[in-house]
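The structure appears below as structure tokens.
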Amino acid sequence: MQGLKKDLLLTGAFLSALCLAPWVLPSGYYLTVLIMCCLNAMTVVGLNLLLGYAGQISLGHAAFYGLAAYTTAILTTTLGLPVALGMLAGVGLAALVAFVIGIPTLKLSGNYLAMATLGFGVIVYIFLNETVGLTGGPSGFTGIPRLNAAGLTLSSDRSYYYLTAAVLCAVVLLSLNLIRSRLGRALRALHTSEKAAQAVGIDIARYKLFIFVLSAAFAGAAGVLYAHYLTFIAPSSFGFLFSVELLVMVVLGGMASVWGSVTGAFFLTALPEFLRMFENVEIIIYGAILILCMMFLPRGLAGGVSSLAVRLRGRARPGEDDHAS
Amino acid sequence: MKLKGLVLALAMAFLVSACSTEPESVKIGAVLSATGPASFLGEPEKNTMQMLQEEINAKGGVLGKKLEIVIYDDETDVNKCVLAAKKLLDKDGVVAVAGPSVSGNTLAIIKFFEEAKIPLVSCAASEKIVTPVNAWVFNTPQLDRHAVTRIMLDAKAKGLNNIAIITVSNGFGQSGRAVLQELLPPNGFNLVADEVYGPKDTDMTAQLTKIKAAGADAIICWGTNPGPAVVARNRVQLGIDTPLYMSHGVASKKFIELAGPAAEGIMLPAGRLIVADQIPDDNPQKPLLLSYAKAYTEKYNAPVSTFGGHGWDSIKLIVEAINMGKSAKPADIRDNLEKIKGFVGTGGVFNYSPENHNGLDENAFVMVVIKDGDWKIMD
Amino acid sequence: MPPDGLLDCRGVTVRFGGVLALDEVDFSARDRAVTSIIGPNGAGKTTLLNAISGVVPLAGGGISLSGRDLSQSPPHIRARAGVVRTFQNLEIFTNMSALENVMTGCHCQVRYSVLDSLLKTPRYFAGERKARAKAMDCLEFVGLADSAQTPAGDLPFGRQRLLELARALAARPGILLLDEPAAGLNMKETRVLGGLIRRIRDEQGVAVVLVEHDMDLVMGISDQITVLAFGQVIAKGAPLEVQKDPEVIAAYLGADDRD
Amino acid sequence: MDSASLLQFLISGLTVGSTYGLTALGFTIIFNTTGIINFAQGEFVMLGGMLSVFFMRIAGLDEASAIVLAVAAVTLAGALIERFTIRPVKDASIINLIIITIGVSIFIRGLAMLAWGKDTFALPPFSGDAPIALFGAVVMPQSIWVLAISLLILSGLKAFFSGTIYGKGMLACAQDKKAAYLVGISVERMVLLSFMISGLVGAVGGAILAPITLTSFDVGVILGLKGFAACILGGLGNPFGAAAGGLILGVLESFGAGLLSSAYKDAFAFIILLLLLFVRPSGLFGTREAKRV
């Protein structure tokens, strides 16, 4: 049970670091960068549960993010429902859609699963783009209200940032908890050997579907927070390139590592901001960094950090920490 | 290693931002789509602004201070645009911002300008940007409504009543499509076909075959390069001789190059910039357009486009507002922008008012036709 | 149905495309006994295990455990009903420690809900403690207690076999199907394995179905032997009877040629 | 809808489909040898087109030599990519290698943007642009070029994979690297070869398509996406399936645009693809279950 204490401690430390960040980086610009980092991290942690732990790829997670964002946008703006309700509905719809398409899709595997989820993402994108009357089409959906919770208007960036950080930490803690449970073991089991997992009584179809729905719900949570932060959304933010970017964040951060996903998301979200000064060569440097990281950190940023830590401590510590942290 | 690098990069970023704070200058920001799908807008805008900065500073700057234009690239991405705008507002402390290049990005950041009380002069055309009027937001391009009005006048004169439209499924095409759907029927036209193509599509034969079967008198295509060039080529290949109107979105030499011989006879409403040498000498815009085109072509060795002109107009209007009020305070700039009347820009003559934050009308456009591989003003 | 038949297969037929892999095979296994399936290569032994555990669909016939029909059930339902197996080519979870492997085996024995997992309720802690204790028991039983925290992929081959056995035991089998558990083991390891199988039968009272090529092992521990050749049962009986069966000898001699 | 229009949709679909098919072929070659889905495949196609334009305009070569030079250059680029980004990490997991190819595609796109700008370019058609009338529909001479060359490449690949020792060696690598190594196949050389061939195929595609589709530094993204879809539709690893998948996808889009709605044509094509996958989980012509990720 030592791992549990470590999880709590790390998550607590992470939350305090996030809360202190606005004092260290006082400008609103940094807040916005951090909010974007947190939102992407939520989605990436969920995607890693699916990809890194359960071994099921999805190239359509941007669609869940987008569906949730549009759902809450339409409910709160067009229909005038309370924001909190819209947010819940957004997450719920993302999960529901994941449930419905997950049943036939998760029977596929490998590249075929990648294609099916990718195709799903493209289809959702096209519908967001073309149902102009509902979504506002390619030029976007404007005028989404900010969050009002319990009479408290979270209109300032800072309070919204705290909300986002708290949700991220909740997502992280839930994910860590999940991995350290019989569910987490079942997921990792079906990743390595579906046959063996079935042979000990694990209903692999059910667990695949469960984790697909959960990761879609995390993406949905990020999506609704995104919509009510920017108060503007456009389909171009939810295209297939974003799905690919999320996948890159998972792998670059480190497969089957929750903290790796957080690192990967923060790193790749903030990186372009650091590269801004390079103007036209920015994209080349970005590509090169991606290639080099993958070549020299095969286990991702998390793997790199942990092997560095091991080297510093001078001894390797095998056991469950390597897998579940 | 990694951590050290990150810390270093952070430190560098701080240093760079610290160095750029110079009190003795007037700082204007710009968010432009210099790369990404809308780079055909953002790149000439960016070039133009850099050129203007040199030009204005060579003439003594603004209010006796140096003019500094901080330009960020949003890669035609909403999130990057928001971050860039936040950086301009919160870190760089600019007094006004020009751009973004595309409507979606503009709509995404309007809120932040309202909160920060900094004026934004957008280079994007959508009507949503200026209707309803937002106190802090202006734009400079001619509206789609004005372009459609010019096309309708021409079609009416030629007796073309059955119209087919083919629009690109991005923000530009969508807003054009909406205006076409709104304006064509009440003005006595029949909309016989309403087709769409994707921004990256390379073949529009299927759509044009449908349009051919629909029996249209004229086709209106709303898009930006390279799609309309494909439409033009496919139309000739299919042997369709129905007159083809394009939007002002293709008013750059690139279109004629891409469409090749298929461009002949295509008509479109365009700002006067691309036909500056053909407009009458008494037109107030003529000297400006000629000199801008000359300077741009010399400096960048590239043909001038009307899009760069939006950048020119945005910056010049902000500077004009600063000079009018002799103040570079954001609120004063805003107030004075609304007072600008008869300002000669590349896109037309601007008349801003508290009710009108676009300032142009359909006279900003002329109808041109492509003849012998070049633009020609229609009578 | 014979009164002592714990596992009962009647007329089991399996086709792969046009090939008849199992042709109306009747097979039964008694409680608290080791029943071996032997036969030359390609006789359909593993296919029969796959058919029993539900990995391959039946083209005909039926399978029941303690009278409960499992013919149409998916593999995980059969596993929950008590049909637990190991694999010829090891299928351990290399991304976990040995202990976690066996705890995964407890999946259906120690249950708590998703919400318990997510929110770490007392039920979660109780369940985890129970699963851990049970897994440790199983590891101890096969002699792997000292390697509990070792990543499963780092264990030597022989111990990975034992780990798979421990994981299967953790799933509380009604009947344990072992697919060539001695393949790749040396003599000493095989002897240890033989002892374990006996103890599984005698101490835990679990019926074992053994597919194995090592005749010393088979003859030493089996209570009953079924011989398959070309997808059909050619002999059944106690080890000594089967050894003398002329048809069996012929099948093996023929098979030796092909080997 | 009259039959001439339907025929026109078919012709248009086949033309567009061949762009997908040619990209898909490149995917197949690398996948068959390494199991990697090469995300930079679209970039090979882009480079083929852009380099042809570049050699024609800047170096002033005639079209044929420009294309030959461009194809040679992209083949070399394929070799360089393998040598510097794939070979040093050949023990990495497939997903890591795939992410590396994503990095490579971003990198190449950036270089192309820097070198040639963001404009779109056209290449002159090989034998004029006078349309050929065909039962009331029209075919462009370039479309015939494209279909003919695609067929040529396809049969060439077929012969290569089933008829030559190199081709068989490459297939062996995909099945089992260690076994291929044990029977004396140089896995490294086969992987290098596969990147070069798919560079070559991609570049030829890029060059012959540029007169129809126009080209710019960023055409690779969408081609990669559609090419991958074509591969899957046909069944991964089967060159014939890839080409057929491309044509089917193109025809679906074209008929979708012509008969249903041009706005939803891509969605229509993808919905059909998904439905097909649900019925046939390994594509139309796929045989083995390709579980790699």
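Chains as they are written, first to last, in the numbering used here: chain A, 306 to 630; chain B, 3 to 381; chain C, 13 to 271; chain D, 2 to 294.
Built from N, CA and C at the ideal position, the CB exists for glycine as well.
This one's a predicted model, so the numbers in the text were calculated from it and none came from an experiment.
- Excluding sequence positions up to five before and after D156 of chain B, its CB lies within less than 6 Å of the CB of M369, all in the same chain and listed in chain order.
- The residues I362 and L364, in chain order, have a CB closer than 7 Å to that of A419 of chain A in the same chain once the five nearest residues on each side in sequence are set aside.
- At a beta-carbon threshold of 9 Å, the residues of chain B lying near P132 of chain D are V238, Q239, L240 and G241, ordered along the chain.
- Rounded to the nearest angstrom, the gap between the Cα atoms of R80 of chain C and A157 of chain C is 35 Å.
- Among the residues of chain B, those whose CB is under 7 Å from the CB of S6 of chain D are T211 and A215, following chain order.
- For I509 of chain A, the number of other beta carbons within 10 angstroms of its own is at least 16, and it is reported as buried.
- Scanning the segment 59 to 103 of chain B from its first residue to its last, the whole beta strand (DSSP E) runs of 3-plus residues come out as 68 to 75 and 98 to 100.
- Listed along chain B, no residue sits closer than 9 Å to M560 of chain A by beta-carbon distance, the nearest being about 18 Å off.
- The C-alpha of I209 of chain D is placed about 50 Å away from the C-alpha of P69 of chain C.
- Contact annotation for F169 of chain C against chain A: no contact, minimum CB-CB distance about 16 Å [criterion: below 7 Å].
- Shown here, A219 of chain C sits in a strand according to DSSP, grouped into three states.
- DSSP, reduced to helix, strand and coil, places Y247 of chain B within a strand of the structure shown.
- Membership of D146 of chain B in any beta strand (DSSP E) is not indicated; the residue belongs instead to the alpha helix (DSSP H) covering D146 to K160.
- By the criterion of a C-beta distance shorter than 7 Å, M53 of chain B is surrounded in its chain by A297, Y298 and K301, once the five residues flanking it on both sides are discounted.
- When secondary structure is reduced to three states using DSSP, Y467 of chain A falls in the helix class.
- Against G117 of chain C, the close residues of chain A are V505, in the order they occur along the chain (beta-carbon pairs closer than 8 Å).
- In the DSSP annotation of this structure, W377 of chain B is not part of any alpha helix (DSSP H); the continuous beta strand (DSSP E) holding it starts and ends at D376 to I379.
- Think of a sphere of 7 Å around the beta carbon of S195 of chain D: no beta carbon from chain B falls inside it, the nearest being about 27 Å out.
- Counting of Cβ neighbours within 10 angstroms places A278 of chain B among the buried residues, the total reaching 16 or more.
- Under the Cβ criterion of 8 Å, K412 of chain A is counted among the residues facing chain D.
- Contact of L174 of chain C with chain A by beta-carbon distance below 9 Å is absent, the smallest such distance being about 15 Å.
- Put simply, the CB of V402 of chain A is far from chain D, with every gap to its CB atoms at 8 Å or more.
- For the 8 Å CB-CB criterion, A272 of chain B and F367 of chain B form a contact.
- By DSSP's assignment, I111 of chain B forms no beta bridge with any residue.
- For the options A:G407, A:L380, A:F404 and A:L384, the alpha carbon positioned closest to that of A394 of chain A is the one of A:L380.
- E253 of chain C sits exposed, since fewer than 16 C-beta atoms from the chains shown fall within 10 Å of its C-beta.
- For the 8 Å CB-CB criterion, G31 of chain B and L90 of chain B form a contact.
- Contact check between the segment 522 to 540 of chain A and the segment 95 to 104 of chain C: fewer than three CB pairs, one atom from each, fall below 8 Å, which does not count as touching.
- Sixteen is the threshold: when 16 or more other Cβ atoms of the shown chains lie within 10 Å of the Cβ of R92 of chain C, as they do, the residue is buried.
- Taking a Cβ-Cβ cut-off of 7 Å, the neighbours of D267 of chain D in chain A comprise V427 and I431, given in sequence order.
- As computed with DSSP, L34 of chain B is found in a beta bridge with B:D75.
- Apart from the 5 residues on each side of it in sequence, S217 of chain D sits with its Cβ closer than 6 Å to the Cβ of T121 in its chain, given in chain order.
- The beta carbons of S106 of chain D and G22 of chain D sit about 20 Å from each other, so the pair does not count as a contact at 8 Å.
- With respect to E36 of chain C, G51 of chain C sits apart: the two C-beta atoms are not nearer than 8 Å.
- In this structure, the straight-line span from the alpha carbon of A220 of chain B to that of A138 of chain D is close to 21 Å.
- For chain B, the residues of the segment 521 to 537 of chain A that bring a beta carbon within less than 8 Å of one of its beta carbons are L535, T536 and F537, in chain order.
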